[in-house]
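Take the sequence shown: its position 332, counted from the start at 1, is 332 in the numbering used here, and no numbers get skipped. To start, the structure under review is shown below, and the notes come after it.
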Amino acid sequence: MRFFILFFLCVSFFAQAQNNIDPSLLEQFHQKEKVGFIVLLKDQADLSFIPRYAPKAVKGQMAYDALSEKARNTQGRIRQILENAQAPYRAFVLANAVYSKGDLALVKALANLPEVKTVMYDAPVIAEEPITIEYINNTVQTRGDEPEWGLRMIKADSVWLQGIQGAGVVVAGQDTGYDWEHPAIKDKYRGNGDVPDHNYNWHDAIHENNPHYPDSIPNPCGYSTMAPCQDHPHGTHTIGTMVGYAPDNVIGVAPQAQWIGCRNMDRGWGTPASYIECFEFFLAPTDLNGENPDVSQAPDVINNSWACPPDEGCNPDNFEIMEMVVNNLKAAGIVVVVSAGNSGGLGCGSVSTPAAIFENSFSVGATRYTDTLNFQDSIATFSSRGPVLVDGSGRLKPNVAAPGRTIKSCVPNNGYAYYSGTSMAGPHVAGAVALIISANPDLAGMVDTIEYILETTAVKKQAVDTCGGIPGSMIPNNTYGNGRINVYAAVQLAQTIDVVKTHQAENKQYMRISPNPASTQTKVYLSEKVSGKLRIYSALGQLMETTTLASGQTTIATSHFPKGVYYVQFQSKEHIEVHQLMIQ
1 MRFFILFFLC VSFFAQAQNN IDPSLLEQFH QKEKVGFIVL LKDQADLSFI PRYAPKAVKG
61 QMAYDALSEK ARNTQGRIRQ ILENAQAPYR AFVLANAVYS KGDLALVKAL ANLPEVKTVM
121 YDAPVIAEEP ITIEYINNTV QTRGDEPEWG LRMIKADSVW LQGIQGAGVV VAGQDTGYDW
181 EHPAIKDKYR GNGDVPDHNY NWHDAIHENN PHYPDSIPNP CGYSTMAPCQ DHPHGTHTIG
241 TMVGYAPDNV IGVAPQAQWI GCRNMDRGWG TPASYIECFE FFLAPTDLNG ENPDVSQAPD
301 VINNSWACPP DEGCNPDNFE IMEMVVNNLK AAGIVVVVSA GNSGGLGCGS VSTPAAIFEN
361 SFSVGATRYT DTLNFQDSIA TFSSRGPVLV DGSGRLKPNV AAPGRTIKSC VPNNGYAYYS
421 GTSMAGPHVA GAVALIISAN PDLAGMVDTI EYILETTAVK KQAVDTCGGI PGSMIPNNTY
481 GNGRINVYAA VQLAQTIDVV KTHQAENKQY MRISPNPAST QTKVYLSEKV SGKLRIYSAL
541 GQLMETTTLA SGQTTIATSH FPKGVYYVQF QSKEHIEVHQ LMIQ
């Protein structure tokens, strides 16, 4: 009997571990002794408490603090097992997960932990390669100082005439790396200066050869580089469309915006872990040692021109972790722009890969220049169509469309080239976000509002196909989404929005602060019989003080705070509000 019970327990232990392991990961162990994998924990941070209208820096700090605390309190046993096994690992906070590489026995030991939801394969992921590429003779000036057709189509040049060119906004790209010294983008790089400083402006998530490449063919950049490097021209081209400018090469939507970057692919191949690592860097950029994260250095928008199809290991069983990452970045006040994909030849339902399929990704289809006489555009044949079927949601995608065929931008070695693909359309939208925020800086961090502006002002486009039961004649549809973006109209609408008044109109106010401005102290008054936490944040999002607040009047000492602007958040079980406090 004892033998039977012991046998039963061992079988149950093994079965539980097997159930928590991604089948595609188990398949890999038939071919390899050690495989890269990601451990996803059951307990994930809930960021729904972050106020919708809190300033971006405050949102970012609140998100980072909550995510870090959850990881710190739950990952300990997993990290100890990995350390005991002398297995390399990287612990994430943006999703409560840990990457490692090891054998099947290690995977089974981790999968059996009660805190583990699943152990998934860190599958190789390929970039969305351009459909066509045409290089330009560097010695020939092909267009003079006229903006490229995509910029004129979305009316970016009309926005520039208002003196709005993206100043004060930071865009980010995670891609194949960047030729940061290309003259069209060098002075837009945030780390550029008399002495270049790549801390907080560059991160390399490629630490070893991607499994797609044998060790005998090393990466030309090397690994964990300390300065921007590119091993494929794709990334440099995308950054150029966002911010690029050089005499006779007017290629970027927001030429006065700054950019930061992260390499997430090894010659066009990444993995979920490398993508998450770059996303996490953008949540709270770090120094070149990966230390001292600072949310105040986070970008306003992230461009993503990559996809993870089923034949590369992505499937509905492991979509969840990437969707968590996108959701948490949005809660932190960062717009996530994603190319819809280049599978339009498959027809309806071809928006089918992460991260384009997710609700909180702002997915972008591609248009082409079709009528040179009347300057009209239509959907590119390669642009993927909705609805999203792969996860059973039937979600309408893309959100919008933007120029994506025959797009001129910069490529390495001071060159220029015409690329076609939704990878070229997404950067137009990321640049448009920069112009919107530059026109109304109070919109920084207001992701829903920015996306609403882009969708509402888009040029409405009807399609031929009926996809997902939605006729192409309806707006939105599964071909163009809400239409092709018009950034001039978007900026006009953005300039009419008063974020503070909108916040006050949509939120009941329980709290009053007086005096404000304050010097040595101020009083907080609660008008309702409620209680909760009071948190004071600096203008950069740093948590300065936390206290419990009850109904009535509470005196808060402020003499120990440096002079400046602060944000006071009150949170009860059913209510959150944020007020600005000036200390002088």
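Note that the Cβ used here is the ideal one computed from N, Cα and C, for glycine as well.
>> Buried or exposed, going by whether 16 or more other CB atoms sit within 10 Å of the CB of Q376?
In response: exposed
>> Which residue wins for smallest C-alpha separation from D159, given the options L493, R512, S551, Y566?
In response: Per the sequence shown, residue 159 should be read as Val rather than Asp. It is L493 whose Cα lies nearest to the Cα of V159.
> Unbroken alpha helix (DSSP H) runs of length 4 or more, entirely within the stretch 162–243: which are they?
Replying inline: 234–243
>> So, at 6 Å on beta carbons, what are the nonlocal neighbours of Q553 in its own chain, with the 5 sequence-adjacent residues on each side left out?
In response: The beta carbon of Q553 lies closer than 6 Å to those of K523, Y525 in the same chain, with the five residues before and after it left out.
> In the structure shown, what three-state DSSP assignment does Q141 receive?
Replying inline: Unreliable positioning characterises Q141 in this predicted model, as indicated by a pLDDT of 39, which lies under 50. A coordinate reading is not provided.
> Contact between the stretch 466–482 and the stretch 390–399: three or more CB pairs below 8 Å?
Replying inline: yes
> Which residues does DSSP pair with T367 in a beta bridge?
Replying inline: Residue pairing for T367: DSSP places it in a beta bridge opposite I379, P403.
>> If you measure between the beta carbons of V336 and L329, is that distance less than 7 Å?
In response: yes
>> Among the candidates W306, A95, A66, whose CA atom is the shortest distance from the CA of G177?
In response: W306
>> Which same chain residues end up closer than 8 Å to E528 when comparing Cβ atoms and leaving out the 5 residues on each side of it in sequence?
In response: Y510, S551
> So, do the stretch 266–273 and the stretch 435–452 have three or more beta carbon pairs nearer to each other than 8 Å?
Replying inline: no
> Between which two residues does the alpha helix (DSSP H) containing S305 stretch?
Replying inline: S305: not part of any alpha helix (DSSP H); DSSP gives it neither H nor E.
> Taking buried to mean at least 16 other C-beta atoms within 10 Å of its own C-beta, is V35 buried or exposed?
Replying inline: buried
> How big is the Cα-Cα spacing for Q165 and I357?
Replying inline: 31 Å
> If you drop the 5 nearest sequence neighbours on each side, which residues of the same chain put their C-beta closer than 8 Å to that of T520?
Replying inline: A557, T558, S559
> When burial is assigned at 16 or more other CB atoms within 10 Å of the CB, is Q584 buried or exposed?
Replying inline: Answer is exposed; the Cβ neighbour count stays below 16.
> Which parts of the stretch 66–140 are runs of the alpha helix (DSSP H), unbroken and 4 residues or longer, counting only runs that do not cross its ends?
Replying inline: With a minimum length of 4 residues, the unbroken runs of alpha helix (DSSP H) contained wholly in the stretch 66–140 fall at 76–84, 104–111.
> Going by C-alpha distance, which of S393, Q230, Q61 is nearest G173?
Replying inline: When the alpha-carbon of G173 is set against those of S393, Q230, Q61, the nearest one is in Q230.
> If we ignore side chains and look at the alpha-carbon of each, how far apart do S393 and G445 end up?
Replying inline: Straight through space, the alpha carbons of G445 and S393 are spaced by roughly 27 Å.
>> According to DSSP, simplified to helix, strand and coil, what is C348?
In response: Note: C348 maps to coil in three-state DSSP.
> What are the uninterrupted segments assigned as alpha helix (DSSP H) that are 4 or more residues long and contained completely in the stretch 473–555, given in chain order?
Replying inline: Fully enclosed alpha helix (DSSP H) runs of 4 or longer: 487–494, 499–506.
> How would you label K59, buried or exposed, when you count the other beta carbons within 10 angstroms and need 16 or more for buried?
Replying inline: buried
> Per DSSP, what kind of secondary structure is V337 in: helix, strand or coil?
Replying inline: strand
> Exposed or buried, S350, counting other C-beta atoms within 10 Å across all chains shown (16 or more means buried)?
Replying inline: buried
> At which residues does the beta strand (DSSP E) containing R263 begin and terminate?
Replying inline: 258–263
> Would I50 pass as a contact of M62 if the rule is Cβ separation under 7 Å?
Replying inline: yes
> For V585, which residues of its own chain have a beta-carbon under 8 Å away from its beta-carbon, when the five flanking residues on both sides are left out?
Replying inline: Limits of the chain in this structure are 1 at one end and 584 at the other, which puts residue 585 out of reach.
>> Measuring straight from C-alpha to C-alpha, what distance separates Y537 and H212?
In response: 46 Å
>> My assumption, with CB atoms under 8 Å, is that A603 sits in contact with R395. Please give the rounded CB distance.
In response: Any question about residue 603 goes unanswered here, given that the chain covers just 1 to 584.
> Looking at the structure shown, is M446 part of a helix, part of a strand, or coil, going by DSSP?
Replying inline: coil
> Can you name the start and end residues of the alpha helix (DSSP H) that A156 belongs to?
Replying inline: 156–160
>> Give me, in chain order, the residues of the same chain whose beta-carbon lies closer than 7 Å to that of N192; leave out the 5 immediate sequence neighbours on both sides.
In response: K186
> What residues match up with V578 in a beta bridge as DSSP calls it?
Replying inline: Q569
> Count the other CB atoms within 10 Å of the CB of K188; is the residue buried (16 or more) or exposed (fewer)?
Replying inline: buried
> Given a threshold of 16 other Cβ atoms within 10 Å of its Cβ, counted over all protein chains shown, does S216 qualify as buried or as exposed?
Replying inline: exposed
> In terms of residues, what are the limits of the beta strand (DSSP E) holding V35?
Replying inline: 35–41
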